[in-house]
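Asks:
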Amino acid sequence: MVRYVYDYTDGGREKAGLLGGKGANLAEMTRLGLPVPPGFTLTTEACRDFLATGTEPAGLTRELSAHLAGLEEAAGRRLGQRDDPLLVSVRSGARFSMPGMMETILDVGLNDDSVYGLAKASGSERFAWDSYRRLVQMFGSTVMGVGAPLFEEALDRLKVLRGVPDDVHLDAADLAGLVESYKELIRRETGEEFPQSPADQLRRAVLAVFLSWNGERARLYRRREHIPDDLGTAVNVQRMVFGNLGADSGSGVAFTRDPATGRPGLYGDYLPDAQGEDVVAGIRNTVPLAGLERLDPHSYEQLREHLRTLERHYRDLCDIEFTIERGKLWMLQTRVGKRTAEAAFAIAAALTDEGLIGADEALSRVGGEGLARLMFPRFDAAATGEPLARGLPASPGAAVGAAVFDSAEAVRRHAAGEPVVLVRQETNPDDLPGMVAARAVLTSRGGKTSHAAVVARGMGKVCVCGAEDVVVDTAARRLTTGADTVVEEGAVLSVDGSAGTVYTGAVPLVDSTVMQRLETGDTDDDGIPDALVGAVTRALDRADEVRRLEVRANADTPEDAARARRFGAQGIGLCRTEHMFLGERRRLVERMILAGSDTDRDRALEDLLPLQRQDFTGILAAMDGLPVTIRLLDPPLHEFLPDRLGLATRLAAAEARGETPDGHDADLLDAVNRMHEENPMLGLRGVRLGLVVPGLVAMQVRAVAEAVVERVRAGGSPRAEIMVPLVGDVTEFRLVREEVDRVLADVSATSGVPVDCPVGTMIELPRAALTAGRIAEDAEFFSFGTNDLTQTTWGFSRDDVEAAFFSAYLDKGVFTASPFETIDREGVGRLVEIAVTEGRSARPSLETGVCGEHGGDPESVHFFHTAGLDYVSCSPFRVPVARLEAGRAALETSAARSQVRAGIGAAGPDAAQKGL
């Protein structure tokens, strides 16, 4: 028979999945002998059964009654008895902490009769009526569905009528009248009477808390925190203790360390003569926890000792809620506390130094997302006001600059030394110079993997995308918000890429010492090592010691390559040659495209060759001794031509003025029309370009080979690798490889320097993954292009779908996270696993890696570790994040294997890390 209810004496923290975090920890404190009000927990299984069927699970009412009887016997009072009522609280308690997202009902058991008994037993009529009005208000809102603002309005009217600032100054008669007003409000809104039966109150309260698991705010919170929807919540029924019995009573919240910084010492707030929800609601100013020492030295010292006990026991930061009832301290809740990223690293290092945890556990308690937040500059939160606009936090950090509305203006102002924010409806490759020049990018369209987002993250630029309330008028050089605020070009904007917010004016920035250390190796200005920097460095060092995955970087310039190396990259996993064809070089590409003969095309390619060679030489020098994977040209050629509409408009305008149209523009428009594709992503690009554009592959490979020769002659140790993009069939790869091998052999013979470049392919099409065994017969390495593999697997056009329906898919639970941000394990991930397995069956020495943006996503890094890849590659600024997560993934795998050997099963994720 299924058991649905557990006393606190029957549980423990090892049962958190069944009893929820709150119930398990209350049981654990009871086991430790701390002063916990007696109670019991209804399990998450009961919640799941109720939500699945809509009816109470069989036997639940019987178990609830039996445990209530035990609570009544221990207290010597019955629930709601008339002369001295036992009252209970009914609180939610999910496996992972979801503060404020679900429901709580206090003082269950009070009614029109027992309120007088409570007044007599407590000696305070006001206290009794205050407790009753709290119950009616909470029950009416949570259980009976009356809007919470209606109760607040009734309370506000009474305070105005009595001329008092808060409810503390209302007397017993006032509160008794308020109870009647509340009951009349319930009667009017629902057609029901407030229930007078204590048993009925308890049953309905329990079911309402179960239902709150599916409330809108709870679902939104779970989606943000990636908490599964199928866990359900437990419900805790606990004897009430009261902090609102006078000056010798009160409630508070305490932390064993500062959850913002990680510094040791007691932190928290205390509110005399108040219940716990008063502390949270902020209806009165609290006093710092240190103030309790003056108010109640005995309780303060007890609390200090209990906090020490809990931190030693949990070996982590603990968050405690407590109540003092007439000088008696009660512990109402504890949990491993949420903390900032800064505190997470600081606490992990401190607990290691104190001998409470080891280096591996310290590493498991920090995360890549937290590290990313520490690497970017931040705005001073105290100096921000109401945002001008909100969008998607596409690339974290904070930046200030003048608003500009095109790339050329961004470049011009940047050259003059002015920081700028590039504002566009959306960006495209033509905007790259402006993005390089800008401190931040703001777009009114696009998602977290739009062009603006991906490129900005790759460059470490702050970016907010999809600010839908912003109307960008490029022609008028201004933006307008939904509130009709107009920002003209040159006005200063502050962009917070971590929060997705934009402000007018210059919000002060707080520098990141962590980034300073990673970038330059410097400490603070006074030469004293920063404690946070030290904690981050220790975590990264340990990750490097234990990880199996190599971490490489996506880099296209010598500067980015050098920066990536400083960040700890072990090579370049993706060098995109198309970025080398932008700017002034675009004219050479136009010549190649417009060439009317093989001779003209060859001349254009010959002019490109030395420029490409120079680029590759610089990158190989920056990564000397480490692998550099160079991808042959991938995008469609029309991306290097001017905009079709702009060309047509210029030609039409010239004709309208009676002028002779520019011949070059006419040729370009002709080429653009000829090369136009309805779906360029699936058109003439990648390997297909190499097969149909004579000389293109040979020029690029020759540039690579000659760069290798130049570096060897300079005494370097170049390790270039050549990658063929978008292969769908082994025959495509073989044809290109033949040309690659021919050029490499020719350069080797001509120079007298052996040029041995491994040749592999990007796996970014489902067919390539499914035929990986055949491709691996000729390819020496695979690099998974998971951005395009996700698009082609799902049938999505990334730039279109994120704004169109991704939010709806997230709301409806189709996605728990965007598949462009975190790898889709069941679909795309399965293709990766198939390709790795079949590829290595054909070629055991096959090297495999990933070079999509997923390579820097913390959760995805864990998948790539378990899938057996050799490396991940990501933007330079995400290299430290990937290093950290690769180490954590190795520890996670090791721990899982140990548990399997011990026969106890894999552990779930640590609740402490949720929300870090």
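Counting with numbering that gives the first Met the number 0, you get residues 0 to 915 for the letters of the sequence shown.
C-beta: ideal position from N, C-alpha, C; glycine also.
From a predicted model like this one, the values you see are computed outputs, not experimental measurements.
#1: Does Y115 come out as helix, strand or coil in the three-state DSSP assignment?
#2: Does the Cβ of D315 have 16 or more other Cβ atoms within 10 Å, making it buried, or fewer, making it exposed?
#3: Given G190, which residues of its chain have a CB within under 6 Å of its CB, disregarding the five upstream and five downstream residues?
#4: Could you give the C-beta distance for L362 and A538, rounded to a whole number, given that I count them as a contact under 8 Å?
#5: With a threshold of 6 Å on Cβ separation, who are the neighbours of T255 within its own chain once the five nearest residues in sequence on each side are excluded?
#6: For a test of the three-state rule: what should DSSP assign to F375, helix, strand or coil?
#7: Check each candidate in E124, L174, S130 and G570 and name the one with the smallest Cα separation from L105.
#8: Identify whether V532 lies in helix, strand or coil by the three-state DSSP scheme.
#9: Provide the residue(s) that pair with R423 in DSSP beta bridges, ordered along the chain.
#10: Drop a sphere of 10 angstroms on the beta-carbon of E467, count the other beta-carbons inside from all chains shown, and report buried for 16 or more, exposed for fewer.
#11: Does the region 336 to 349 come into contact with the region 244 to 258, if we say contact requires no fewer than three beta-carbon pairs (one atom in each stretch) closer than 8 Å?
#12: Rounded to whole angstroms, what's the CA-CA distance from R94 to R61? Just pull it up for me.
#13: Hey, quick one: how far does the alpha helix (DSSP H) through P916 stretch, first residue to last?
#14: Any chance you could list the alpha helix (DSSP H) runs of at least 4 consecutive residues sitting entirely within the region 6 to 56, in chain order?
#15: DSSP three-state call for Y266: helix, strand or coil?
#16: Under a three-way DSSP split, which group does T285 fall into?
#17: According to the neighbour-count rule (16 or more other Cβ atoms, all chains shown, within 10 Å of its Cβ), is E102 buried or exposed?
#18: Can you list, in chain order, the residues of its chain with a C-beta nearer than 7 Å to that of R733? Leave out the 5 residues immediately preceding and following it.
#19: Would you decide whether V709 is buried or exposed? Buried here means 16 or more other CB atoms lie within 10 Å of its CB.
#20: At what residues does the alpha helix (DSSP H) containing W212 begin and finish?
#21: Tell me, please, which residues DSSP counts as bridged to I323.
#22: Looking only at C-alpha atoms, which of L206, A118 and Q200 sits nearest to L50?
#23: Does the Cβ-Cβ distance between A233 and G19 come in under 7 Å?
#24: Less than 6 Å separating the Cβ of N786 from some heavy atom of the ligand ZN?
#25: Given that a residue counts as buried once 16 or more other Cβ atoms are within 10 Å of its Cβ, and exposed if not, what is V703?
#26: In this structure, does DSSP put N110 in helix, strand or coil?
#27: Among residues of its own chain, excluding the 5 on either side of R649, which ones have a beta-carbon nearer than 7 Å to its beta-carbon?
#28: Whole angstroms are fine: how far does the CA of L508 sit from the CA of R377?
#29: My parser needs the beta strand (DSSP E) runs of 3 or more residues fully inside the region 704 to 766; what are they?
#30: Apart from the five residues on each side of it in sequence, which residues of its chain come closer than 8 Å, Cβ to Cβ, to V729?
#31: For F920, list the residues DSSP reports as bridge partners.
#32: Using beta-carbon positions only, say whether V707 and P717 come within less than 7 Å of one another.
#33: Answer with buried or exposed for M514, where buried requires no fewer than 16 other C-beta atoms within 10 angstroms of its C-beta.
#34: Ordered along the chain, which non-local residues of its own chain (more than five positions away) have a Cβ less than 8 Å from that of L184?
#35: Look at M239 and V87 and say whether their C-beta atoms are less than 7 Å apart.
#36: When burial is assigned at 16 or more other CB atoms within 10 Å of the CB, is V236 buried or exposed?
Replies: Quick look at the numbers:
#1: Working through the sequence shown from its first residue, we reach residue 115 at position 116. Three-state result, Y115: helix.
#2: Start at 1 with the first residue of the sequence shown, and residue 315 comes out as number 316. Buried, since its Cβ has 16 or more Cβ neighbours within 10 Å.
#3: By one-based count along the sequence shown, residue 190 stands at place 191. None.
#4: As a first step, residue 362 must be located in the sequence shown, where it is residue number 363. As a first step, residue 538 must be located in the sequence shown, where it is residue number 539. The C-beta distance from L362 to A538 rounds to 6 Å, short enough to meet the 8 Å contact threshold.
#5: Within the sequence shown, residue 255 is the residue found at index 256, counting from 1. Once the five neighbours on either side are set aside, the close Cβ partners of T255 are L306, E310, L316 and C317.
#6: The count along the sequence shown starts at 1 and reaches residue 375 at position 376. Here F375 sits in coil by DSSP.
#7: By 1-based counting over the sequence shown, the position of residue 105 is 106. Comparing Cα positions, the closest option is S130.
#8: Translated into the one-based positions of the sequence shown, residue 532 becomes position 533. Correct three-state label for V532: helix.
#9: Translated into positions along the sequence shown, residue 423 becomes position 424. Assignment of beta-bridge partners to R423 by DSSP yields T442.
#10: Reading the sequence shown from its first residue, position 468 is the one you call residue 467. With fewer than 16 other CB atoms across the displayed protein chains lying within 10 angstroms of its CB, E467 is exposed.
#11: With the rule of 3 Cβ pairs closer than 8 Å, the region 336 to 349 counts as touching the region 244 to 258.
#12: Locating residue 94 in the sequence shown gives position 95, counting from the first residue. Locating residue 61 in the sequence shown gives position 62, counting from the first residue. Distance between the alpha carbons of R94 and R61 is about 25 Å.
#13: In this structure the chain extends from 0 to 915, so residue 916 is not present and cannot be described.
#14: 15 to 30 and 43 to 52
#15: Taking the sequence shown and counting its residues from 1, one reaches residue 266 at position 267. The answer is strand: DSSP assigns Y266 an E or B state.
#16: Taking the first residue of the sequence shown as position 1, residue 285 is located at position 286. DSSP places T285 in coil when its eight states are reduced to three.
#17: Counted from its first residue, the sequence shown places residue 102 at position 103. Classification of E102: buried, given that the 10 Å Cβ count is 16 or more.
#18: Taking the first residue of the sequence shown as position 1, residue 733 is located at position 734. The beta carbon of R733 is closer than 7 Å to those of D777 in its chain, skipping five residues each way along the sequence.
#19: In the sequence shown, the residue the question calls residue 709 occupies position 710. Reading the sequence as shown, one finds Glu at residue 709 and not Val. The Cβ neighbour count for E709, taken over all protein chains shown within 10 Å, is at least 16; the residue is labelled buried.
#20: Taking the first residue of the sequence shown as position 1, residue 212 is located at position 213. First-last for W212: undefined, no H or E at that position.
#21: Position 324 of the sequence shown, counted from the first residue, corresponds to residue 323. Per DSSP, G249 and L328.
#22: Start at 1 with the first residue of the sequence shown, and residue 50 comes out as number 51. Ranking L206, A118 and Q200 by Cα distance to L50 puts L206 first.
#23: To locate residue 233, count along the sequence shown from 1; it is residue 234. To locate residue 19, count along the sequence shown from 1; it is residue 20. It is a contact, given that the beta carbons lie within the stated cut-off.
#24: No copy of the ligand ZN appears in this structure; indeed no ligand is present at all.
#25: On the sequence shown, residue 703 is found 704 positions in, with the first residue counted as 1. V703 is buried by the Cβ-count criterion.
#26: Locating residue 110 in the sequence shown gives position 111, counting from the first residue. Correct three-state label for N110: coil.
#27: On the sequence shown, position 650 is the one that residue 649 refers to. Cβ neighbours of R649 beyond the five flanking positions: D664.
#28: Position 378 of the sequence shown, counting from 1, holds the residue named residue 377. Position 509 of the sequence shown, counting from 1, holds the residue named residue 508. Cα to Cα, the separation comes out at about 6 Å.
#29: If we require 3 residues or more, the beta strand (DSSP E) runs fully inside the region 704 to 766 come out as 718 to 723 and 758 to 762.
#30: In the sequence shown, counting from the first residue as 1, residue 729 sits at position 730. T770, R773, I774, E776 and D777.
#31: The first residue shown for the chain is 0 and the last is 915, placing residue 920 beyond what the model contains.
#32: Within the sequence shown, numbered from 1, the residue matching residue 707 stands at position 708. Within the sequence shown, numbered from 1, the residue matching residue 717 stands at position 718. In this structure, V707 lies near P717, with their beta-carbon atoms less than 7 Å apart.
#33: Your numbering for residue 514 matches position 515 in the sequence shown. Per the 10 Å Cβ criterion, buried.
#34: Along the sequence shown, one-based indexing puts residue 184 at 185. For L184, where only same-chain residues beyond five positions count, the Cβ hits under 8 Å are G139, V145, L149, F150 and A153.
#35: Position 240 of the sequence shown, counting from 1, holds the residue named residue 239. Position 88 of the sequence shown, counting from 1, holds the residue named residue 87. Yes; because the gap between Cβ atoms is below 7 Å, this pair is in contact.
#36: In the sequence shown, counting from the first residue as 1, residue 236 sits at position 237. V236 should be labelled buried.
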